[in-house]
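Participant: Structure below; questions to follow.
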């Protein structure tokens, strides 16, 4: 299971990066709307065949990214519990880091009135923390 911890954190990094890209895409759509002064671009839903505006599309990206954060938080809780149960010395070392990342992601998930730039900055910081944690754990468990 030790190798799975590193692989699980890799998956969390991938999912968090995807959420980060969704937030950036939403920001780009909002910027495009500001430049054109109107919300004229319509997208058509492949699933429902219903048209929706650029602004609605941006909010869909944000909602999707927030749902992704929920899955990442669950996975990080599982990793923390696994370390607590099966590798107490590592749990003592890394619990604080994991808890900080979970706190940041929970803050993002719970505050829907946050500026899009804050979402982008916070996910970037969480990504850096996760990458650092993954690098250290990969070194400890000799995982390549």
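In our numbering, the protein residues as written are 37 to 180. Every residue, glycine too, gets a C-beta built ideally from N, C-alpha and C.
Using the beta-carbon count (16 or more within 10 Å), is residue 113 buried or exposed?
Facilitator: Residue 113 comes out exposed.
Participant: DSSP state of residue 89, grouped into three classes?
Facilitator: Correct three-state label for residue 89: strand.
Participant: On a CA-only basis, which of 172, 151, 150 is nearest residue 133? Give me that one, please.
Facilitator: Nearest of 172, 151, 150 to residue 133, Cα basis: 172.
Participant: Residue 129 and residue 48 - do their beta-carbons sit closer together than 9 Å?
Facilitator: Cβ atoms of residue 48 and residue 129: not closer than 9 Å.
Participant: Any contact of the region 140-159 with the region 115-128, i.e. 3+ C-beta pairs under 8 Å?
Facilitator: No: fewer than three Cβ pairs fall under 8 Å.
Participant: So residue 148 is in the alpha helix (DSSP H); what residue range does that whole segment cover?
Facilitator: Per DSSP, residue 148 belongs to no alpha helix (DSSP H) and is neither H nor E.
Participant: Rank 88, 154, 117, 45 by C-alpha distance to the C-alpha of residue 56 and give the top, closest one.
Facilitator: The residue with the shortest Cα to Cα distance from residue 56 is 154.
Participant: If you run the structure through DSSP and keep just helix, strand and coil, what is residue 177?
Facilitator: Note: residue 177 maps to coil in three-state DSSP.
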